[in-house]
Amino acid sequence: MSSHTTNTTAPLHQVDENAYFNSNPPPKALPQHIAAAESFINQHAAANRRVVLITSGGTTVPLEKQTVRFIDNFSAGTRGATSAEYFLEAGYAVIFLHRQFSLLPYSRHYSHSTDCFLDFLYEGADGSVVANPAHQEKMMRVLRKYTDAKRRNTLLMLPFVTITDYLHELRAVAQLMRPLGPNGLLYLAAAVSDFFVPPERMAEHKIQSTDATDKLRQGPTTMRQEKREQQQQQQPSEGGGGNQKQNGSGKDGAQPEEETFDNFDSSPAVPRSKRLIVDLDPVPKFLKNLVDGWAPEGMIVSFKLETDPGLLVHKARYSLDRYQHHLVVGNLLSTRKWEVVFVGAGRDDRWIRVPINRRKKTISGAEELVGAAERDRSTGGGGSNRPLDPATLPEGEPEMEIESLIIPAVEEWHSKHVESATTRNGGASASR
Ligand code: 9Z3
Numbered sequence: 390m391s392s393h394t395t396n397t398t399a400p401l402h403q404v405d406e407n408a409y410f411n412s413n414p415p416p417k418a419l420p421q422h423i424a425a426a427e428s429f430i431n432q433h434a435a436a437n438r439r440v441v442l443i444t445s446g447g448t449t450v451p452l453e454k455q456t457v458r459f460i461d462n463f464s465a466g467t468r469g470a471t472s473a474e475y476f477l478e479a480g481y482a483v484i485f486l487h488r489q490f491s492l493l494p495y496s497r498h499y500s501h502s503t504d505c506f507l508d509f510l511y512e513g514a515d516g517s518v519v520a521n522p523a524h525q526e527k528m529m530r531v532l533r534k535y536t537d538a539k540r541r542n543t544l545l546m547l548p549f550v551t552i553t554d555y556l557h558e559l560r561a562v563a564q565l566m567r568p569l570g571p572n573g574l575l576y577l578a579a580a581v582s583d584f585f586v587p588p589e590r591m592a593e594h595k596i597q598s599t600d601a602t603d604k605l606r607q608g609p610t611t612m613r614q615e616k617r618e619q620q621q622q623q624q625p626s627e628g629g630g631g632n633q634k635q636n637g638s639g640k641d642g643a644q645p646e647e648e649t650f651d652n653f654d655s656s657p658a659v660p661r662s663k664r665l666i667v668d669l670d671p672v673p674k675f676l677k678n679l680v681d682g683w684a685p686e687g688m689i690v691s692f693k694l695e696t697d698p699g700l701l702v703h704k705a706r707y708s709l710d711r712y713q714h715h716l717v718v719g720n721l722l723s724t725r726k727w728e729v730v731f732v733g734a735g736r737d738d739r740w741i742r743v744p745i746n747r748r749k750k751t752i753s754g755a756e757e758l759v760g761a762a763e764r765d766r767s768t769g770g771g772g773s774n775r776p777l778d779p780a781t782l783p784e785g786e787p788e789m790e791i792e793s794l795i796i797p798a799v800e801e802w803h804s805k806h807v808e809s810a811t812t813r814n815g816g817a818s819a820s821r
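What the sequence shown shows, in the numbering used here, is residues 390 to 821, in sequence order.
Right under this line is the structure:
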């Protein structure tokens, strides 16, 4: 008979939720973020304004509690930051839950890029700082929009770093959005890690690359030390090293292996004790909790990222079927700035593409002859149901931001969502 107890009343995803959030502590800033989000939501709910929660950027996976090393991903936060600007333009109030130091709405035009913001400025004759005339018009547009969002308090920025921070923040803010009913929109563009190191297996201190300090250590062991100890109990032949000696000293009491295998290029391969083997657990899938419990009336848009064109639509539809939310926006790593596919329940897949004549950034803005093969089979606006061939796309960024097409399309879905909720609720109005 099993010695551990199971909760027989709570659904499995609820058990997972409690287990995860109880064992992975929240970020320190969570109470302040909750207070800020609550007052922001109240203000906009009172104005009957739609509120979108945008998640943006990557999440880190720490390998140590006092974190020196972590696993990360590619996401710069371009999708999220750019989408935020178009949502603000469409009249939404935006909660921007983003990875710290990733791109931010408006300032993204002058940060991170190859265009350093200092290159847009020069010193005027009177010693003042002046914007370069060639860039003044755009700078003024961006500045006005940013100032307007600040003045109207329509943009709330909440940073996170780790996967656990992200999940705590997402749950808290989504729950706060409940009073918005169908006027709430969740737009989950962050690139969220699927794997993490659970706290019981996480080293407290920096993982050591040698065993030189093992005998100095007291109290909780590091992950590497535990590994070395486990390995000491294993057969000497395990680990593929042929005649290699295990952990510190050979069976025959010879020199520590560090000396034997100091050169990492030598053959046989480095001994196991010198490698770092990271054992990751899957991050529980909380989208179901979001749909059923955290924000049950809001519209939920998730993003699906793939690199294999053959998988994208299937995986997007699988996600929609599994979590029963409203819309999955599929995109491929290599073409994500040129095309996405909308996959929704009871609807045909809909590809949204930057038109051919806006795919290349040119000074004149004139049509560039890119993607001749693609042009033959598509109208440029999305006639083809097959993903674009990345080889037909120009280097760099397209002239037109695809978010300028994505956000109006999402807004239209959201309007339908609000309308049908209003009809179901007997006509109570929900607008902006
Ligand atoms: C996306 O697919 C975003 O569009 C990107 C944007 C991360 C590709 P960038 O920040 O990139 O502009 O550089 N986000 C969702 C990625 C994700 O983690 N999705 C999960 C998955 O694919 C499901 S929610 O399994």
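Built from N, CA and C at the ideal position, the CB exists for glycine as well.
- Item | Contact set for H433: own chain, Cβ-Cβ below 6 Å, skip 5 residues either direction | By 1-based counting over the sequence shown, the position of residue 433 is 44. Correct list, in chain order: V440, A482.
- Message: Suppose you measure from the CA of V730 to the CA of V717; what does that come to, to the nearest Å?
- Response: Translated into positions along the sequence shown, residue 730 becomes position 341. Translated into positions along the sequence shown, residue 717 becomes position 328. Rounded to whole angstroms, V730 to V717 spans 8 Å at the Cα level.
- Query: Does DSSP put D737 in a helix, in a strand, or in coil?
  - Reply: Mapped onto the sequence shown, residue 737 falls at position 348. Here D737 sits in coil by DSSP.
- Task: Compute the distance between the beta-carbons of V672 and F584, then report whether it is under 8 Å.
- Result: The residue you call residue 672 lines up with position 283 of the sequence shown. The residue you call residue 584 lines up with position 195 of the sequence shown. Yes, the Cβ-Cβ distance between V672 and F584 is below 8 Å.
- Query: For L694 versus W727, is the C-beta spacing smaller than 8 Å?
  - Reply: Taking the sequence shown and counting its residues from 1, one reaches residue 694 at position 305. Taking the sequence shown and counting its residues from 1, one reaches residue 727 at position 338. For L694 and W727, no; Cβs fall outside 8 Å.
- Query: Where DSSP assigns a beta bridge to M688, which residues make up the other side?
  - Reply: In the sequence shown, counting from the first residue as 1, residue 688 sits at position 299. The partner list for M688 (beta bridge, DSSP) reads L574.
- What is the DSSP secondary structure of N411, counted as helix, strand or coil? Position 22 of the sequence shown, counted from the start, is the residue given in the question as residue 411. DSSP places N411 in helix when its eight states are reduced to three.
- Test item: CB-CB of I484 and L442 under 8 Å: For the purposes of this step, residue 484 is taken as residue 95 along the sequence shown, with counting starting at 1. For the purposes of this step, residue 442 is taken as residue 53 along the sequence shown, with counting starting at 1. Going by C-beta atoms, I484 is nearer than 8 Å to L442.
- Message: Classify L605: buried if its beta carbon has 16 or more other beta carbons within 10 angstroms, exposed otherwise.
- Response: Position 216 of the sequence shown, counting from 1, holds the residue named residue 605. Exposed is the call here.
- Message: Is S662 a contact residue of the ligand 9Z3, with contact defined as CB to any heavy atom under 7 Å?
- Response: Position 273 of the sequence shown, counted from the start, is the residue given in the question as residue 662. Not under cutoff, so the answer is no.
- Specify the secondary structure class of D537 as computed by DSSP and reduced to three states. Mapped onto the sequence shown, residue 537 falls at position 148. Helix, per DSSP.
- Item | Residues near G733 in its chain [Cβ-Cβ closer than 6 Å; skip 5 each side] | In the sequence shown, counting from the first residue as 1, residue 733 sits at position 344. Same-chain partners within the cutoff: L716.
- Roughly how many angstroms lie between the CA atoms of H501 and L486, to the nearest whole one? Residue mapping note: residue 501 aligns to position 112 of the sequence shown, counting from 1. Residue mapping note: residue 486 aligns to position 97 of the sequence shown, counting from 1. Cα to Cα, H501 sits roughly 18 Å from L486.
- Query: Counting along the chain, where does the beta strand (DSSP E) carrying L547 start and finish?
  - Reply: Counting from 1 along the sequence shown, the entry for residue 547 is found at position 158. Taken as a continuous stretch (DSSP letters only), the beta strand (DSSP E) holding L547 covers 544-549.
- Message: Taking the alpha helix (DSSP H) that R468 belongs to, which residues open and close that run?
- Response: Counting from one through the sequence shown, the residue named residue 468 turns up at place 79. Note, R468: alpha helix (DSSP H), 467-478.
- Item | Boundaries of the alpha helix (DSSP H) in which S809 is found, first to last residue | Counted from its first residue, the sequence shown places residue 809 at position 420. Where S809 is concerned, the enclosing alpha helix (DSSP H) stretches over 792-813.
- Message: Suppose you measure from the CA of L575 to the CA of T467; what does that come to, to the nearest Å?
- Response: Taking the sequence shown and counting its residues from 1, the one referred to as residue 575 is at position 186. Taking the sequence shown and counting its residues from 1, the one referred to as residue 467 is at position 78. Roughly 17 Å between the two C-alpha positions.
- Where the alpha helix (DSSP H) through E512 begins and ends: Your numbering for residue 512 matches position 123 in the sequence shown. Premise fails: E512 lies in the beta strand (DSSP E), 510-512, not in any alpha helix (DSSP H).
- With 16 other CB atoms within 10 Å as the buried threshold, where does V519 fall? In the sequence shown, counting from the first residue as 1, residue 519 sits at position 130. Exposed.
- Query: Residues bridged to P671 by DSSP?
  - Reply: Reading the sequence shown from its first residue, position 282 is the one you call residue 671. Partner(s): F584.
- Query: In whole angstroms, what is the alpha-carbon distance linking F463 and D508?
  - Reply: Reading the sequence shown from its first residue, position 74 is the one you call residue 463. Reading the sequence shown from its first residue, position 119 is the one you call residue 508. Taking the straight line from one Cα to the other gives about 26 Å.
- Query: Three or more beta-carbon pairs under 8 Å between the stretch 533-548 and the stretch 403-411, yes or no?
  - Reply: no
- Item | Environment of P522 [buried if 16+ CB atoms lie within 10 Å] | Locating residue 522 in the sequence shown gives position 133, counting from the first residue. With fewer than 16 other Cβ atoms within 10 Å, it is exposed.
- Nearest-angstrom Cα separation, counted from G785 out to A465: As a working note, residue 465 is residue 76 in the sequence shown. As a working note, residue 785 is residue 396 in the sequence shown. Cα to Cα, the separation comes out at about 15 Å.
- Task: Measure the beta-carbon distance from E474 to Y499 and round it to whole angstroms, keeping in mind my assumption that it falls under 8 Å.
- Result: Numbered from 1 along the sequence shown, position 85 holds the residue referred to as residue 474. Numbered from 1 along the sequence shown, position 110 holds the residue referred to as residue 499. So it is not a contact: roughly 13 Å between Cβ atoms.
- In DSSP terms, what G719 is bridged to: The count along the sequence shown starts at 1 and reaches residue 719 at position 330. G719 pairs with K693, V730.
- E437 to G687 span [Cα, whole Å]: Taking the sequence shown and counting its residues from 1, one reaches residue 437 at position 48. Taking the sequence shown and counting its residues from 1, one reaches residue 687 at position 298. Residue 437 is actually Asn in this sequence, not Glu. About 14 Å.
- For I666, is the classification buried or exposed, using 16 other Cβ atoms within 10 angstroms of its Cβ as the cut-off for buried? Sequence index remark: in the sequence shown, residue 666 carries index 277 (1-based). Answer is exposed; the Cβ neighbour count stays below 16.
- Message: Looking at I791: is its Cβ nearer than 8 Å to the Cβ of I745?
- Response: Counted from its first residue, the sequence shown places residue 791 at position 402. Counted from its first residue, the sequence shown places residue 745 at position 356. Cβ distance not < 8 Å, so I791 and I745 don't count as in contact.
- Message: the ligand 9Z3 and G785: does the residue's C-beta get closer than 7 Å to at least one heavy atom of that ligand?
- Response: Position 396 of the sequence shown, counted from the start, is the residue given in the question as residue 785. No, since every heavy atom of the ligand 9Z3 falls outside the 7 Å radius drawn around the Cβ of G785.
- Query: At which residues does the beta strand (DSSP E) containing L442 begin and terminate?
  - Reply: For the purposes of this step, residue 442 is identified with residue 53 of the sequence shown, where counting begins at 1. Its beta strand (DSSP E) spans residues 440-445.
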